[in-house]
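Read through the structure below, which is laid out as structure tokens, and then see the notes.
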Amino acid sequence: MNPSSSTKLAERQSSQIPPEQSSKNSSQIHPPGWVHFVAGGLGGMCGAIVTAPFDLVKTRLQSSTFHADRSQITRFTFPSSAMPTTTTVTTTGSSNRLLYHFIDTGKIIRDIHRLEGFRALFRGLGPTLVGAIPARAINFYVYGMGKEFYCNLITPTSDNSSTLVHILSAITAGIATSTATNPIWVVKTRLQLDVPSSNTPFPSAVRTGALAIDPPARPSIGSPILPTSSNLSKRLLSPLGNSLHCISKIYRQEGIPGFYRGLSASYLGVTEGTIQWTLYERFKRLGSHFIEDRDNRQEGTWSTKMVAAGAAKLIATGITYPHEVVRTRMRQKPPQPPAKSKYVGLVATFRVILAEEGLKAFYGGLSPHLLRVVPNAAVMYTVYEAALSISRSSFNP
């Protein structure tokens, strides 16, 4: 074999790099920190906008202002001609209540849209975006950088796929995110709970906050179900009608500590993020092992990541959801003096809710929360992974 033939053969062999090896080399490239920051913020923004109505319903269901007494009887009207009557159902069982929550979440959203207006479905979206974008940006940035830091610290000779590395990175990211963004979530919660006193939290519910009850077909003038003109004026002139006014009001009445109400519950919620990140990394790795079709590997990879993100969020939320309810109660607007808030601390809030409302109160708003966070996580992590993939391609042409 002459030298020229040998050279051509070597070039041909070097150019034919197996796709899995190429992918491996690409995945091992660590993008700069700003990529994690931008990708996380973009994913958080997309998810927050799409799922804002579910977030509104979830927050109202979690609030004590809108929480049903456990002895409430809930009525459902079936609009079909086959069932024109009103069916009365006693919702004393936790499983029944959860099922009805899932069934009626869409109906609650419909009634809010009909009686409070389309914009009411996105009440609190402003501070949600202001909070979600930096929160996700910080979380993904700290997590991404944390994986590299803890990997070099704990297992410098291996990659950053260690479960311990994932756990430590997620804890660090959760603490940093909660501390930085808690004031924004306080404002968002206050805005979402700001409804006229003469109106029900869910227009179709008689201030039960648990299930949608059909309103009368033709409400009379001045009915508490529909806002009158005076009520509408109060809403437009409400001191919590916009984020800036809300911030000013909280600062005047509660001072700086008012913006950190519920922070201890937020720290407790770090466990959710830790479980979610750890499961996501594990599910993503397990899913990649089941991809057999190498010709369609890229498509399979993205679908695997979406399923991994949704499944991880579903499991993490189911385990840690009670802290969400406690956090919402602690962030509520305190009563007017001389009355004092019952929700003054993490442990005290747990005790008050358990004593007054029972164990099921810790799962108020779970169904709309799941309908929001599971697709939110799928979208957010997909956007994040896509940005990282584009970044790796740019840095490894």
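With the numbering used here as the guide, the letters of the sequence shown map in order to residues 516 to 912.
Think of the CB as a built atom: it goes at the ideal place given N, C-alpha and C, for glycine as much as any other residue.
Residue i, buried or exposed, once every other Cβ within 10 Å from all chains shown has been counted against 16
i: H884; result: buried
i: R800; result: exposed
i: E871; result: exposed
i: L874; result: exposed
i: F774; result: buried
i: H551; result: buried
i: L869; result: exposed
i: N697; result: buried
i: S906; result: buried
i: Q851; result: exposed
i: R767; result: exposed
i: V572; result: buried
i: A854; result: exposed
i: P772; result: exposed
i: L668; result: exposed
i: A720; result: With a pLDDT of 42 at A720, under the threshold of 50, the predicted position of this residue should be treated as unreliable, though the coordinate-derived value follows. Classification of A720: buried, given that the 10 Å Cβ count is 16 or more.
Nearest residue (CA-CA) to residue i, options the options
i: G879; options: N891, F865, E839; result: E839
i: R866; options: A554, R844, K855, A691; result: R844
i: S693; options: L869, A780, F877; result: A780
i: L829; options: F569, S882, A902; result: S882
i: V565; options: R625, L636, F798, E631; result: L636
i: K820; options: L861, T832, F805; result: F805
i: P849; options: C666, Y858, R575; result: Y858
i: G632; options: P568, N667, G559; result: P568
i: G833; options: S818, L886, R638, P853; result: L886
i: I653; options: S803, H760, L557, E900; result: L557
i: I648; options: M660, C761, A695; result: A695
i: V822; options: Y658, Y795, G621; result: Y795
i: Y896; options: S578, S909, F798; result: F798
i: K703; options: S908, V862, T574; result: T574
Alpha-carbon to alpha-carbon, residue j and residue i
i: Q791; j: A688; result: 12 Å
i: A826; j: G646; result: 24 Å
i: T913; j: D570; result: Residue coverage of the chain in this structure runs from 516 to 912, which leaves residue 913 outside it and unanswerable.
i: I740; j: R625; result: Confidence at I740 is low in this model, with a pLDDT of 32, below 50, so the placement of that residue is unreliable and no value is reported for it.
i: Q536; j: T864; result: Low confidence applies here, because Q536 scores a pLDDT of 44, under 50, leaving its location unreliable; read the following figure in that light. For Q536 and T864, the distance between alpha carbons rounds to 53 Å.
i: E787; j: R634; result: 31 Å
i: G860; j: R842; result: 10 Å
i: L903; j: R629; result: 41 Å
i: E769; j: S763; result: 10 Å
i: F591; j: I623; result: For F591, the pLDDT reaches just 39, beneath the cut-off of 50, and the residue's location in the model is therefore unreliable, leaving the point undetermined.
i: L576; j: F877; result: 10 Å
i: C761; j: L778; result: 18 Å
i: L644; j: G559; result: 8 Å
i: G621; j: I627; result: 10 Å
i: G802; j: V898; result: 18 Å
i: Y658; j: R651; result: 10 Å
i: M660; j: A901; result: 18 Å
i: L751; j: G639; result: Caution applies to L751, whose pLDDT of 42 falls short of 50 and renders its modelled position unreliable; the model cannot decide the point.
i: S856; j: Y836; result: 22 Å
i: S909; j: I699; result: 35 Å
i: D584; j: A831; result: Summary for D584: the model assigns pLDDT 40, below 50, so the residue's position carries little reliability; its value from the coordinates is reported in the next sentence. Rounded to the nearest angstrom, the two C-alpha atoms are 28 Å apart.
i: V862; j: S818; result: 41 Å
Residues near residue i in its chain [Cβ-Cβ closer than 6 Å; skip 5 each side]
i: L783; result: H838
i: V894; result: C561, G562
i: T670; result: S677
i: I765; result: G773
i: N891; result: G562, T566
i: L708; result: S578
Cut-off 7 Å between Cβ atoms - residues of its own chain near residue i, not counting five sequence neighbours on either side
i: V785; result: I686, G689, I690, S693
i: Y656; result: G548, H551, F552, G555
i: R776; result: V701, M845, R846
i: T793; result: T678, H681, I682, A685
i: V889; result: G825, K828, L829
i: G641; result: S758
i: T789; result: I682, A685, I686, G689
Min CB distance residue i to chain C below 8 Å
i: G646; result: Among the chains in the structure shown there is no chain C, since it carries only a single protein chain.
Closer than 7 Å: residue i CB and nearest the ligand COA heavy atom
i: Q707; result: Ligands in the displayed structure: none, and consequently the ligand COA is not present.
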